[in-house]
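Novice: Structure provided below as structure tokens; questions to follow.
There are 2 protein chains.
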Amino acid sequence: MRPRALIVLAILSSFFSSASAQSVPNSGAPVQTPAASKFHINLQRLQGTLEKLSEFGRNPEGGVTRLAYSETELPAREYVIGLMKQAGLEVRTDAAANIFGRRAGSENLPVLLFGSHIDSVLKGGNFDGDVGSLGAIEVINALNQGAVKTRHPLEVVIWMNEEGNHFGVGTMGSGIAAGLIGSEILERKDEQGLTVADWLRRYGQDPAHLTDARIARGALASYLELHIEQGPNLDEAKVPIGVVQGIVGLNRWRCVATGFANHAGTTPMDRRKDALAAASRDLLAVREVVRAEKGRQVGTVGYVKAEPGAVNVIPGRVEFPIELRDLDAAKIERMWDQVQQKLKQIDKEENVETRCTEFDNVTAARTDPSIQAAIREAAKSLGLATMDLPSGAVHDAQQMAKLAPFGMIFVPSRDGISHSPKEFTSWPDVANGAEVLYRSLLLVDAR
Amino acid sequence: MRPRALIVLAILSSFFSSASAQSVPNSGAPVQTPAASKFHINLQRLQGTLEKLSEFGRNPEGGVTRLAYSETELPAREYVIGLMKQAGLEVRTDAAANIFGRRAGSENLPVLLFGSHIDSVLKGGNFDGDVGSLGAIEVINALNQGAVKTRHPLEVVIWMNEEGNHFGVGTMGSGIAAGLIGSEILERKDEQGLTVADWLRRYGQDPAHLTDARIARGALASYLELHIEQGPNLDEAKVPIGVVQGIVGLNRWRCVATGFANHAGTTPMDRRKDALAAASRDLLAVREVVRAEKGRQVGTVGYVKAEPGAVNVIPGRVEFPIELRDLDAAKIERMWDQVQQKLKQIDKEENVETRCTEFDNVTAARTDPSIQAAIREAAKSLGLATMDLPSGAVHDAQQMAKLAPFGMIFVPSRDGISHSPKEFTSWPDVANGAEVLYRSLLLVDAR
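Quick mapping for you: the protein sequence lines, in order, are chains U and Y. The first sequence begins at 1 in our numbering and counts up by one. The second sequence begins at 448 in our numbering and counts up by one.
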């Protein structure tokens with residue numbers, strides 16, 4: 001942290017509170033909620049907008065299904081654009097359908113970008129992405145209310161298709177902005193046969209200009225994102241603020257096991273080429289390999305689609321994805337080698353042929369140490385304990401890592417539940433996160 | 448076989464051929480195709496109607512998808528009704544949408560019923576059901592051409608929804624006719640939310656009269672069905688005619704494994720309640736139990752549907768069917784007990800809860816020894832070798848077993864393939880089957 005930041009921090013500290021709580025990584029220290037009067041952000045206003053947003057795509061059982069590129073997401077975007085305009089932001093949508101809202105800075109400096117996403121997974125919750133998106137807009141409102149000027153221009157961003165449940169490619173908008181995804185994505189088709197280009201047109205964009213969405217190197221000073229942890233660490237340790245050390249990388253493969261569809265009553269057990277039995281063994285082999293390594297790596301098979309898929313027919317063709325995640329790319333590679341060996345052996349034993357093709361590859365990204373420090377200091381100024389931890393989930397921040405130093409603030413997820421209607425973060429935790437974002441942003445701006 | 452049958456057989460034998468080939472069960476004797484002139488049935492005519500029928504619901508890759516109760520099946524039914532009328536049959540459709548075509552007999556006797564079905568599985572072939580259905584109509588044409596009178600009235604039947612790929616209940620039409628399925632079936636819903644009653648109305652029937660479709664005890668003298676084997680036994684042994692000893696019973700359960708849907712990146716491996724991992728182990732446990740027993744029993748899991756079914760979400764709920772088949776009901780029960788024990792253990796280890804509900808239960812049925820003898824003699828009169836074998840597939844004949852003595856004639860399936868576009872029976876084999884049906888029918892009629 002440079003001198004200017006120290007001065008700002010001193011101002012912030014005296015202005016906000018004289019909380020003495022230390023940053024206690026991995027401690028079980030209780031949540032300390034400072035008096036609301038010390039907060040710049042307005043929780044009531046933020047809660048109101050989050051509750052309104054939760055109506056777009058609400059599931060009967062709670063939570064939302066608000067897939068990117070859907071008729072459900074469109075009005076939610078309009079709602080958020082309205083909020084940005086109300087906050088005085090100059091709103092523009094890029095060719096990848098990312099939404100930006102700009103607030104001028106006092107100096108001719110690169111942009112300080114912060115935000116998140118509002119698309120969800122199938123049967124997702126109300127906090128993943130939403131807290132960081134509306135939290136960012138709330139930060140602008142708080143700055144406006146305090147008539148706070150920043151040196152850097154600020155931009156709030158709502159990234160397009162972070163989850164990737166539609167089209168099977170996550171962090172799509174930020175990937176395009178980072179120049180990591182090119183116009184080849186336009187022809188990708190969904191299950192209805194519609195392409196990304198078709199959807200971009202429906203969203204009012206001209207696909208021919210997709211690469212205009214790329215952000216030039218040097219255009220960004222830093223990227224900041226507030227997000228729910230989506231894991232159990234903060235909730236279990238009762239620590240209100242997570243300082244993200246880095247985001248794990250992930251690789252995804254789509255596998256197809258081909259056996260032979262045949263009559264379930266007349267085909268003897270020893271003559272079968274049962275693609276579903278093979279895929280079941282493949283799934284368990286993935287788990288076995290992942291469990292055999294020490295560390296926090298995870299591996300998942302999210303579905304198994306059998307064809308023809310009738311009760312009285314031996315499945316002849318099965319499709320399933322394999323996903324591996326870790327901070328260490330070499331470990332992912334090592335695990336994948338082992339998985340492939342096991343799949344080959346299972347193919348032999350089951351008289352089936354399995355082919356896997358990689359369709360997603362996101363490299364791990366470390367957060368910027370000085371931004372980590374700013375987040376710790378911001379939390380400290382509020383008397384909030386922090387924990388350093390990696391993010392097991394992919395985030396748009398990972399793509400921004402290609403363009404600028406970045407940092408992430410985590411708030412607790414109850415029981416570590418996410419991508420589920422039961423996903424929950426308490427309002428005090430949401431408020432803490434937004435206020436830490438506000439303070440971190442000013443510290444980073446002052447660097 | 449009674450004296451009258453012997454006289455008829457003597458007439459048939461002298462009239463047709465003096466072939467000396469013996470009935471050689473389980474032998475590898477080559478197919479002997481008698482000169483077409485000795486055939487009463489007309490293969491060209493039969494082949495023409497089978498080829499025309501194959502156009503209704505044809506798949507791009509060959510074979511058909513002609514599910515019962517579908518807009519695809521309706522015109523196929525109209526086509527077959529037309530053929531029956533052309534053959535001079537008095538056609539009626541019962542309240543279960545089974546189609547009957549009647550030819551009067553010379554004596555006041557119960558009906559000699561024979562036929563099959565024209566519905567298919569998803570991506571099925573062109574022989575399963577079709578050969579027996581159009582073969583039966585061809586037998587009527589042959590009787591007409593020879594001006595042959597039968598003692599019993601003859602009825603050709605086309606059963607409704609034998610495969611059960613729609614509504615998940617097989618041999619539905621024959622089950623209703625046998626009084627084994629009642630009006631409770633009417634409210635059963637398909638994936639589009641349409642009920643059996645809705646479909647019956649679309650097929651021109653009044654669901655309120657469903658039970659009128661029941662066939663009274665004593666109304667049938669016998670039931671005969673020609674069908675492809677759907678297994679590899681006849682094809683491998685190069686025996687053209689199978690004499691079915693009985694049809695295996697089957698039980699089907701629908702299982703739901705409930706775990707907990709959660710984020711695939713942030714949920715540690717040891718905290719997961721992965722319903723798909725549990726279901727994969729369940730599937731393999733079913734296979735292990737079935738393989739452990741001696742005999743011809745089979746067990747199958749035809750699909751596994753995971754929810755929410757996204758690449759980055761641990762599946763929280765999985766649905767899959769289990770099917771067990773054998774001639775011996777006690778063996779099925781024994782295997783199911785073992786499967787349940789294994790599933791319970793897997794539930795414990797996976798922190799998942801699995802519940803299975805039986806939704807289909809068809810008891811095994813033995814064919815009538817005197818009808819078996821008639822089929823053997825009919826084949827012998829043509830110089831065709833026969834093999835006694837059980838049917839691993841369910842057939843409508845199984846339901847008819849409740850009402851009358853029954854028999855089944857099998858013809859070879861190339862490589863034992865069925866329920867697949869690759870399903871194939873050669874035209875000489877189809878002709879042999881239809882001619883054996885013709886001759887068996889006259890022998891049974893003469894009893």
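Virtual Cβ for every residue (Gly too), placed ideally from N, Cα, C. Bear in mind that the values here come from a model prediction, so they are computed numbers and not experimental data.
In three-state terms, what does DSSP make of Y:Gly552?
Specialist: Coil at Y:Gly552, not helix or strand.
Novice: Can you check which of these residues, Y:Asp876, Y:Val841, Y:Ser887, Y:Arg861, is closest to Y:Ser621 by C-alpha distance?
Specialist: When each option's Cα is compared against that of Y:Ser621, the closest is Y:Val841.
Novice: Which stretch, first to last residue, makes up the beta strand (DSSP E) that contains U:Arg355?
Specialist: First-last of the beta strand (DSSP E) with U:Arg355: 353 to 362.
Novice: Counting pairs of Cβ atoms below 8 Å between the stretch 303 to 316 of chain U and the stretch 247 to 264 of chain U, do you hit three or more?
Specialist: Counting Cβ pairs under 8 Å, three or more are found: they touch.
Novice: Which partner residues of U:Gly299 appear in the DSSP bridge assignment?
Specialist: Bridge partners of U:Gly299: U:Leu324.
Novice: Write down every uninterrupted run of the beta strand (DSSP E) in the stretch 538 to 586 of chain Y whose length is 3 residues or greater and which is fully enclosed by it, in chain order.
Specialist: Whole beta strand (DSSP E) segments, 3+ residues: 546 to 550, 558 to 564.
Novice: Buried or exposed, going by whether 16 or more other CB atoms sit within 10 Å of the CB of Y:Ser553?
Specialist: Exposed is the call here.
Novice: So Y:Leu790 contacts chain U; which residues on that side make the cut at Cβ distance below 9 Å?
Specialist: Those within 9 Å of Y:Leu790 in chain U number zero; the least Cβ separation is about 14 Å.
Novice: Among U:Val80, U:Ile41, U:Gly124, U:Lys85, which residue has its Cα nearest to the Cα of U:Pro60?
Specialist: With distances taken between Cα atoms, U:Pro60 lies closest to U:Gly124.
Novice: Determine the closest residue to U:Asp212 out of U:Ala177, U:Ile241, U:Ser116, U:Gly383, with distance taken between C-alpha atoms.
Specialist: With distances taken between Cα atoms, U:Asp212 lies closest to U:Ala177.
Novice: Cβ closer than 9 Å: which chain Y residues qualify as neighbours of U:Pro232?
Specialist: Correct list: Thr713, Thr714, Pro715, Arg718.
Novice: Since Y:Leu731 meets chain U, which of its residues come closer than 9 Å, beta carbon to beta carbon?
Specialist: Per Cβ cutoff of 9 Å: Ala277, Ser280, Arg281, Leu284.
Novice: Going by DSSP, name the residue or residues bridged to U:Ser183.
Specialist: According to DSSP, which records beta bridges pairwise, U:Ser183 is partnered with nothing at all.
Novice: At the 7 Å Cβ level, is U:Gly309 part of the contact set with chain Y, yes or no?
Specialist: By this cut-off, U:Gly309 is an interface position.
Novice: Helix, strand or coil for Y:His613? Go by DSSP, reduced to three states.
Specialist: Looking at Y:His613 - three-state DSSP - the assignment turns out to be coil, as it is neither helix nor strand.
Novice: What in chain Y is Cβ-close to U:Glu229, meaning under 9 Å?
Specialist: Thr713, listed in chain order.
Novice: Could you say which of U:Glu350, U:Leu50, U:Ala68 lies nearest to U:Gly316 if we only look at CA atoms?
Specialist: Nearest option by C-alpha distance: U:Glu350.
Novice: Quick check: the Cα distance between U:Asn361 and U:Lys189, rounded to an integer number of angstroms?
Specialist: Answer to the nearest angstrom: the Cα atoms are 19 Å apart.
Novice: Contact check, Y:Ala724 vs U:Leu283 under 8 Å by CB: the rounded distance?
Specialist: Going by Cβ atoms, the distance from Y:Ala724 to U:Leu283 rounds to 6 Å, so yes, they are a contact pair.
Novice: Which residue wins for smallest C-alpha separation from U:Thr357, given the options U:Glu423, U:Ala219, U:Trp253?
Specialist: That would be U:Trp253, whose Cα lies nearest to the Cα of U:Thr357.
Novice: Work out the CA separation of Y:Leu569 and Y:Glu770 for me, nearest whole Å.
Specialist: Roughly 17 Å between the two C-alpha positions.
Novice: Measuring straight from C-alpha to C-alpha, what distance separates U:Arg58 and Y:Val745?
Specialist: Each residue's Cα considered, the two are about 44 Å apart.
Novice: Alpha helix (DSSP H) containing U:Val430: first to last residue?
Specialist: Its alpha helix (DSSP H) spans residues 427 to 446.
Novice: Tell me, please, whether the stretch 402 to 421 of chain U touches the stretch 434 to 445 of chain U by the rule of three or more beta-carbon pairs shorter than 8 Å.
Specialist: With a cut-off of 8 Å, the stretch 434 to 445 of chain U and the stretch 402 to 421 of chain U count as touching, because enough Cβ pairs lie within range.
Novice: In terms of residue numbering, what span does the alpha helix (DSSP H) encompassing U:Asp198 cover?
Specialist: 196 to 202 is the extent of the alpha helix (DSSP H) around U:Asp198.
Novice: Closer than 9 Å by beta-carbon distance: list the chain Y residues that pair up with U:Pro412, in chain order.
Specialist: Correct list: empty, because the minimum Cβ distance to chain Y is about 12 Å.
Novice: Near U:Ser222, which residues of its chain fall below 8 Å by C-beta distance, leaving aside the five closest residues on each side in sequence?
Specialist: These residues qualify, in order along the chain: Leu112, Leu113, Asp368, Ile371, Ala404, Pro405, Phe406, Gly407, Val444.
Novice: Using beta carbons (cut-off 7 Å, strictly below), is U:Asn59 in contact with chain Y?
Specialist: Cβ-Cβ to chain Y under 7 Å: no for U:Asn59.
Novice: Looking at the C-beta of U:Ser420, does it have a partner C-beta in chain Y at a distance below 7 Å?
Specialist: It does; some Cβ of chain Y falls within 7 Å.
Novice: Under 8 Å: do the stretch 544 to 551 of chain Y and the stretch 586 to 601 of chain Y share three or more Cβ pairs, one atom per stretch?
Specialist: With a cut-off of 8 Å, the stretch 586 to 601 of chain Y and the stretch 544 to 551 of chain Y count as touching, because enough Cβ pairs lie within range.
Novice: Mind listing, in chain order, the continuous beta strand (DSSP E) runs of no fewer than 3 residues lying wholly within the stretch 208 to 241 of chain U?
Specialist: The qualifying runs are 220 to 228.
Novice: Tell me the rounded alpha-carbon separation between U:Ala279 and Y:Lys789.
Specialist: Each residue's Cα considered, the two are about 20 Å apart.
Novice: Using 7 Å as the threshold, is the C-beta distance between U:Leu83 and U:Ile158 below it?
Specialist: The answer is no: Cβ separation not under 7 Å.
Novice: Does any residue of chain U have a CB that is nearer than 7 Å to the CB of Y:Lys795?
Specialist: Output row for Y:Lys795: interface = no.
Novice: Would you verify that the beta carbon of Y:Pro687 is, or is not, closer than 7 Å to some beta carbon of chain U?
Specialist: It does not; no Cβ of chain U falls within 7 Å.
Novice: Quick check: the stretch 241 to 257 of chain U against the stretch 325 to 345 of chain U, are there 3 or more CB pairs under 8 Å?
Specialist: Short answer: they touch.
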